[in-house]
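Chemist: Here it is, the structure in full.
Number of protein chains: 4
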Amino acid sequence: MDRSRLEAFSDGVFAVAITLLALNLTVAGPSHGHLLHQLRSGSWTFVAYLISFFMIGIVWVNHHVLVRGIAVVDRTLLFLNLVLLLFVVMIPFATATVADYLAFHGQQTPQALLQAHRDTQVAMMLYGTVFLGMSVGFAGIFEWTLHGERMYQRLPADKHWAARARFVGGGLVYVIAIVVALINAVAAFVIIALVAVYYIVERTPDAYKAAAPDSSADAGAPDGS
Amino acid sequence: MDRSRLEAFSDGVFAVAITLLALNLTVAGPSHGHLLHQLRSGSWTFVAYLISFFMIGIVWVNHHVLVRGIAVVDRTLLFLNLVLLLFVVMIPFATATVADYLAFHGQQTPQALLQAHRDTQVAMMLYGTVFLGMSVGFAGIFEWTLHGERMYQRLPADKHWAARARFVGGGLVYVIAIVVALINAVAAFVIIALVAVYYIVERTPDAYKAAAPDSSADAGAPDGS
Amino acid sequence: MDRSRLEAFSDGVFAVAITLLALNLTVAGPSHGHLLHQLRSGSWTFVAYLISFFMIGIVWVNHHVLVRGIAVVDRTLLFLNLVLLLFVVMIPFATATVADYLAFHGQQTPQALLQAHRDTQVAMMLYGTVFLGMSVGFAGIFEWTLHGERMYQRLPADKHWAARARFVGGGLVYVIAIVVALINAVAAFVIIALVAVYYIVERTPDAYKAAAPDSSADAGAPDGS
Amino acid sequence: MDRSRLEAFSDGVFAVAITLLALNLTVAGPSHGHLLHQLRSGSWTFVAYLISFFMIGIVWVNHHVLVRGIAVVDRTLLFLNLVLLLFVVMIPFATATVADYLAFHGQQTPQALLQAHRDTQVAMMLYGTVFLGMSVGFAGIFEWTLHGERMYQRLPADKHWAARARFVGGGLVYVIAIVVALINAVAAFVIIALVAVYYIVERTPDAYKAAAPDSSADAGAPDGS
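Protein chains in written order, with the numbering used here: chain A, 1 to 225; chain B, 1001 to 1225; chain C, 2001 to 2225; chain D, 3001 to 3225.
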C-alpha cells in the first residue's frame, strides 16, 4: 500500500460526503406556501450545512497536512484512517438531524415544547459525538505518526504536545460542546461553529508546512528545522 | 499541501455535484398518466439540468486552467477554494428548485397565479445567487493568484484586467440575471444559459493556454510570453 | 489543461454514475408482503441494473483507451467530453424508468393494458436514446482525434473506418434498438444487452492496445505498427 | 489501459459506495416520538452500517494490495474488476434491506411473526450473497494474476494456496453464513461481522507487503523473497 492511494480513497470519501451534505437542502416546493417563507424556515438547515461543510473541508486539509509526511503505510494506519472516515461519512446524517430539530416549531402544549427542547439537545449531542469520533480517529492517526520510522522526518519529542494540541485539541472542544448541549443546544452549536472558524483563521505551525509545491515523496514535511 | 491533492479533491466534488444533478430527473412512473406527458411536463427540469450541467463543466475547466499555474498552496487558497465548492455543491438544489417552480401549473385563482409567478422569480433569484456565490469564490482565487510569488509565472500587470474580465466577468452577468428575475424569471434563465453558451464557444486567451500536454509543474502557464 | 485531470474528472463522473445505479435497487420493506416476492418483482430492476452497469463500465474502458493517446487537450475536446458525460449521468434515470415500466403489471382494463405497453415502449426508447447520445458524444471525441497533431501517434487513414466501426458502431445498434422498441420493448432491451455482451467479449484492436503498463505519456498508443 | 486509471476508477467506486452507506442512517424526525427512542430503534441500522463500512474498507485494502503488483492490464482483468465492483455497489442496498428487517417489530399474530422471521432470513441471505459475489469477483482477479507474465514478480507456485486462502477464504465463510441464515439470521450476521474483525486484526503475509513507500511500478510486491 503506498500513500497515494490512501490519499485518493480518502479524498474521494471527503468529496462525496461534502457534496451529500447539500442533499439536506430542499424546499417543499409549489403549493406548500410562499417560497420565501420556505427558504426562511430552512435557515437552520443552511446554517448547519455551512458549518458541516467547512468542518469537512478543514478535516480534509488537516488530513492532508498530516498524511503527506508519512513514509510507511501499514494496516494499523489504514484501520485508523477508516475510523476517521466512518465518522466523516456520518456528518451529513448528523447535520440533517440537528437541522430538523432546530427548525421544528410545531409544539403546542407545554409538554410537547419541553420534549422538543430535549430532542434538540439529543440531536446536538449526536452532532457533537460524530465530530468527537472523527477527532478520535484523527488523534489515532496522529499518535501513530509519532512512533517508529513512519514519517520521512520525525517530529522532535519536545514538539509533540504543541502538534497534539493543534491536531487533536478540537476533540476536547467537542466534549465541552456535548456537555453544554445538555443545558442549551444552540450554545453547543455556536461552540462547534467556533472550532470551524478557528481552524479557518489559524495558520499551520511551520513544522508542518509544505517544503516544496510539487514534492510529494521527498518533502521534508514534519521536522521543525 | 501540494496542488495535486487540491485538484483531486476539487475534481471529486465537481464530479459528484455534476452527477447528483441528474437525480432531479425523475418521472412519477406507471399509473400517473402517459409517460410521454410526464416527460413533456418534465421539460423544464431537463432544460435546467442541461444548463447546470454545462455550468459546472465550465467552472471545472476554468478552475483547472487557473489552478494549474499555481506554485504555492497556502491556507488562504484552500479556504477560497472551499467557498467556491460551497456554491458548486448547492447547484443541484438550486436547479431542482428552479425547475420545480418553472414547471408548476396548478394555479387556479388569480391570487394563486400571481403567487406562483412571484415564487418562480424567487427561485430564479436563488439560482442566480448560487452562481454569483460561485463566481465570487472564483474571483477570490483569481485575485489571490495575482499577488506575491504564488504562480510559476506571474501575469503581467497590464493583463490583469483582461484576465479578470474573462474569469470573473460572469459574476456581473449573474447580478444582472438576479435583477432581471424581479421582472421576468424566464428572461433571467435565458441570460444564465447564455453565460454557459458563451464559455463553451469562447477560446481561452493564449496567456492561459497549456504549454505542454503532460507537464503539470513545469508548464509556463499564465505569462503571455 | 493536461490530460490527467480530464481523466480524473471523467473517472469521477463514471464512478459516481455507476454507483448511483444501485440506488434503484430497493425493496418496499417489512409489511409489504413476503420479501422473496418483493425481490422477484424487482427482477427487471436487477436486469436493468446489470445491463446499465456493464454499459457504463464498457464506456469507461473505451474512454480510457481512446483518451490515453491524446497529446493535446483543447476546449473542443473538453466540450465533447462533457456531451459524453451528460448522457452517462442520465443513465441511472433512464435505467430506473425502463425498469419501472417493465415491472409494472397493475393494468386491469384492455385500454390500461395497451397504455402500459405503449409507455414501456416509450421508456425503452428513452433508454436507447440516452445510450445513443452517449455514443454521439463518444463519436465526437473519436473524430476529433483523427485530425491535426492531437494524438501522440496518428491513426493511419486506412484504419479510420475499422476504428470508427469499433468505437462508434454501437451508435447504429442503438438506433436499431430505438426503432425496434416501437414494435417490442423487450426485444429492444435484448439488443442493447447484446451490445454490452459484445464489448465484454470483444478484444481491442492491436492498434489501440497499451504498449507499456505504466507509461502514460510516452506510450505509442494508436499507431497500428 | 494502464493500472493507475483502473485504480482511480475503482477507488472512486469504493469511496462513493462507502459514503452512500450512510444514507441508510436516518431518523423519522420531529413529531415521530422521542429522538432517543428513534435512535435506539435504529441501532440495527447502525450495526449494519458499521459492518458494511469496514467490509468495503477491507475489500478496498485487499484490492489495492493485489492490484499494485499487476504489470499488464488486459480486458479480462477489467471485466473481472467490474464484476467485483458490481457487488460492491450493491452493498448499500443489501445493508439497508437487512437492517430494515432486523429492526422490524410490528408483528402481532403468530403467522406474521413467523413471516417476519423468514423475511429476515431472506434478507440476511441476500446480504451474504452480495458479499459472496464480491468474493467471487475478487477470486477471479486473484486467479488471473497467477498466470502468465501479468505481475511484476510472479508468486511462486508453492505459495499459491496460502495466498488463495488469504484473499479468497472469505468466500467460504460467506457460503457458511448464507446456510446459517436458513436457521438463524442473527448468527449469520455475527459470522459476517467476524470476517470483518478478522481482516482488521490480521496482517498481510510478507509476500504481499509493500517494498517501498512511493514505488508504484518498481515495487517487487508479490514475490516473497
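We put the CB at the ideal spot given by N, CA and C, even for glycine.
Does the separation of the CB atoms of Ala3188 (chain D) and Ile3051 (chain D) fall below 8 Å?
Modeler: no
Chemist: Which residue comes first and which comes last in the alpha helix (DSSP H) that contains His37 (chain A)?
Modeler: Leu35 to Ser41
Chemist: May I have the straight-line CA-CA distance separating Ala3103 (chain D) from Thr3045 (chain D), to the nearest angstrom?
Modeler: Straight through space, the alpha carbons of Thr3045 (chain D) and Ala3103 (chain D) are spaced by roughly 7 Å.
Chemist: Would the beta-carbon of Gln3153 (chain D) fall within 8 Å of that of Gly3069 (chain D)?
Modeler: yes
Chemist: Report the residue from A:Tyr198, A:Val186 and A:Tyr199 whose alpha carbon sits nearest the alpha carbon of Val47 (chain A).
Modeler: A:Val186
Chemist: Determine, using beta carbons only, whether Ala2005 (chain C) and Glu1007 (chain B) come nearer to each other than 8 Å.
Modeler: The amino acid occupying residue 2005 (chain C) in the given sequence is Arg; Ala does not appear at that position. Yes, they are a contact pair.
Chemist: Who pairs with Met2151 (chain C) in a beta bridge, going by DSSP?
Modeler: C:Ile2070
Chemist: State the start and end residues of the unbroken alpha helix (DSSP H) segment that holds His3160 (chain D).
Modeler: His3160 to Ala3181
Chemist: Spell out whether any CB of chain C is found under 8 Å from the CB atom of His1117 (chain B).
Modeler: no
Chemist: Can you pull the chain B residues whose beta carbon is under 7 Å from the beta carbon of Leu2078 (chain C), in chain order?
Modeler: Those are Val1061, listed as they occur along chain B.
Chemist: Can you give the Cα-Cα distance for Ala3163 (chain D) and Phe1079 (chain B), rounded to whole angstroms?
Modeler: 46 Å
Chemist: Roughly how many angstroms separate the alpha carbons of Val1083 (chain B) and Gly1133 (chain B), rounded to a whole number?
Modeler: 8 Å
Chemist: Using the beta-carbon count (16 or more within 10 Å), is His63 (chain A) buried or exposed?
Modeler: With 16 or more other Cβ atoms within 10 Å, it is buried.
Chemist: What residues from the stretch 2070-2101 of chain C come within 9 Å of chain B, judged by C-beta to C-beta, listed N to C?
Modeler: Ile2070, Ala2071, Val2072, Val2073, Asp2074, Arg2075, Leu2078, Phe2079, Asn2081, Leu2082, Leu2085, Leu2086, Val2088, Val2089, Met2090, Ile2091, Pro2092, Phe2093, Ala2094, Ala2096, Thr2097, Asp2100 and Tyr2101
Chemist: When you check each C-beta in the stretch 26-45 of chain A against every C-beta of chain B, which residues fall closer than 8 Å?
Modeler: Thr26, Val27, Gly29, Pro30, Ser31, His34, Leu35, Leu36 and Leu39
Chemist: For Gly2128 (chain C), which residues from the same chain have a beta carbon less than 7 Å from its beta carbon, with the 5 sequence-adjacent residues on both sides left out?
Modeler: Tyr2174, Ala2177, Ile2178, Ala2181, Ala2188 and Ile2192
Chemist: Under DSSP, the alpha helix (DSSP H) around Met87 (chain A) begins and ends at which residues?
Modeler: Position check: residue 87 (chain A) holds Phe in this sequence, whereas Met was assumed. Taken as a continuous stretch (DSSP letters only), the alpha helix (DSSP H) holding Phe87 (chain A) covers Arg75 to Val88.
Chemist: Could one say the Cβ of Glu7 (chain A) lies closer than 8 Å to chain B's Cβ atoms, at least one of them?
Modeler: yes
Chemist: How would you call Gly148 (chain A), buried or exposed, if buried means at least 16 neighbouring beta carbons within 10 angstroms?
Modeler: exposed
Chemist: At least one CB of chain B closer than 8 Å to the CB of Ala2188 (chain C): is that the case?
Modeler: no
Chemist: Classify Asp2002 (chain C) as helix, strand or coil using the three-state DSSP reduction.
Modeler: coil
Chemist: Can you tell me which of the three DSSP states Ser3135 (chain D) falls into?
Modeler: helix
Chemist: Using a Cβ-Cβ distance cut-off of 8 Å, determine whether Thr21 (chain A) contacts chain D.
Modeler: Looking at the sequence provided, one finds Leu at residue 21 (chain A) rather than Thr. No - not a single Cβ of chain D is within 8 Å of the one on Leu21 (chain A).
Chemist: Quick one: what's got a C-beta closer than 6 Å to Phe131 (chain A)'s C-beta in the same chain, skipping five residues either side?
Modeler: Tyr174
Chemist: Name the chain C residues that come within less than 7 Å of Phe3104 (chain D), Cβ to Cβ?
Modeler: Pro2030
Chemist: If we count Cβ pairs, one from each stretch, closer than 8 Å, do we get three or more for the stretch 83-97 of chain A versus the stretch 3025-3042 of chain D?
Modeler: Judged by pairs of C-beta atoms under 8 Å, the stretch 83-97 of chain A touches the stretch 3025-3042 of chain D, as three or more such pairs exist.
Chemist: Closer than 8 Å by beta-carbon distance: list the chain A residues that pair up with Ala1185 (chain B), in chain order.
Modeler: By Cβ distance, chain A contributes nothing, its closest Cβ being about 11 Å from Ala1185 (chain B), past 8 Å.
Chemist: Using the Cβ count rule (16 or more neighbours within 10 Å means buried), how would you classify Asp2 (chain A)?
Modeler: buried
Chemist: Say whether chain A places a C-beta atom closer than 8 Å to the C-beta of Ala1048 (chain B).
Modeler: no
Chemist: Is it the case that the Cβ atoms of Gly140 (chain A) and Phe87 (chain A) are separated by a distance below 8 Å?
Modeler: no
Chemist: Can you tell me which of C:Trp2144, C:Leu2113 and C:Tyr2101 puts its alpha carbon nearest to the alpha carbon of Met2125 (chain C)?
Modeler: Comparing Cα positions, the closest option is C:Tyr2101.
Chemist: For Asp3011 (chain D), is the classification buried or exposed, using 16 other Cβ atoms within 10 angstroms of its Cβ as the cut-off for buried?
Modeler: buried
Chemist: Rounded to whole angstroms, what's the CA-CA distance from Gly1170 (chain B) to Tyr1198 (chain B)? Just pull it up for me.
Modeler: Taking the straight line joining both Cα atoms gives about 10 Å.
Chemist: I'd like to know if His64 (chain A) contacts chain B, where contact means its C-beta is closer than 8 Å to some C-beta of that chain.
Modeler: For His64 (chain A), the answer is yes, since a Cβ of chain B falls inside 8 Å of its Cβ.
Chemist: For Pro92 (chain A), name the three-state secondary structure that DSSP assigns.
Modeler: Residue state, collapsed to three classes: helix.
Chemist: If you check the beta carbons only, do Ile1018 (chain B) and Gly1057 (chain B) fall under 8 Å apart?
Modeler: The answer is yes: Cβ separation under 8 Å.
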